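These notes concern the structure reproduced below.
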Amino acid sequence: DLSLNNVTDSEAFPGLIRQTHRKIRAASADGAYDTRLCHDELRRKKISALIPPRKGAGYWPGEYADRNRAVANQRMTGSNARWKWTTDYNRRSIAETAMYRVK
Numbered sequence: 024d025l026s027l028n029n030v031t032d033s034e035a036f037p038g039l040i041r042q043t044h045r046k047i048r049a050a051s052a053d054g055a056y057d058t059r060l061c062h063d064e065l066r067r068k069k070i071s072a073l074i075p076p077r078k079g080a081g082y083w084p085g086e087y088a089d090r091n092r093a094v095a096n097q098r099m100t101g102s103n104a105r106w107k108w109t110t111d112y113n114r115r116s117i118a119e120t121a122m123y124r125v126k
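For the numbering used here, add 23 to where a residue sits in the sequence shown, where the first one is 1.
This is the structure in structure tokens:
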């Protein structure tokens with residue numbers, strides 16, 4: 024799907040996830056997708072979110088435990104680097120490079 028230029032990718036993301044019919048275990052996205060809208064849709068579909076928290080991110084209520092662990096890691100280490108390494112987040116970059124080649 025294409026979205027209008029006044030719609031952000033993170034606003035369009037939940038609608039795209041709703042269209043999926045196959046079982047997805049995890050979804051990786053960059054920090055622009057660190058929104059409750061995106062996290063809520065992934066949780067609704069029981070998809071693990073591999074989305075780094077934005078710099079200086081705060082904690083969210085208890086149901087966002089995975090994200091809160093990432094925020095805690097960011098606060099302890101000063102960056103998302105360790106979280107990215109322990110979650111294999113770098114796989115997102117490989118997929119993004121492949122899509123860039125297709126475009």
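Think of the CB as a built atom: it goes at the ideal place given N, C-alpha and C, for glycine as much as any other residue. Keep in mind it's a predicted model, so treat the numbers as computed, not measured.
The three-state secondary structure of Ala121, taken from DSSP, is helix. Closest in C-alpha terms to Ala72, from the list Met122, Thr120, Asn28 and Phe36, comes Phe36.
Only exposed fits Trp108, as fewer than 16 other CB atoms lie within 10 angstroms of its CB.
Annotated three-state conformation of Ala49 is strand, per DSSP. Comparing alpha-carbon positions, the option among Asn29, Gly79 and Trp106 lying closest to Ser51 turns out to be Trp106.
Counting along the chain, Ser71 sits inside no alpha helix (DSSP H); it lies in the beta strand (DSSP E) bounded by residues Ser71 to Leu73.
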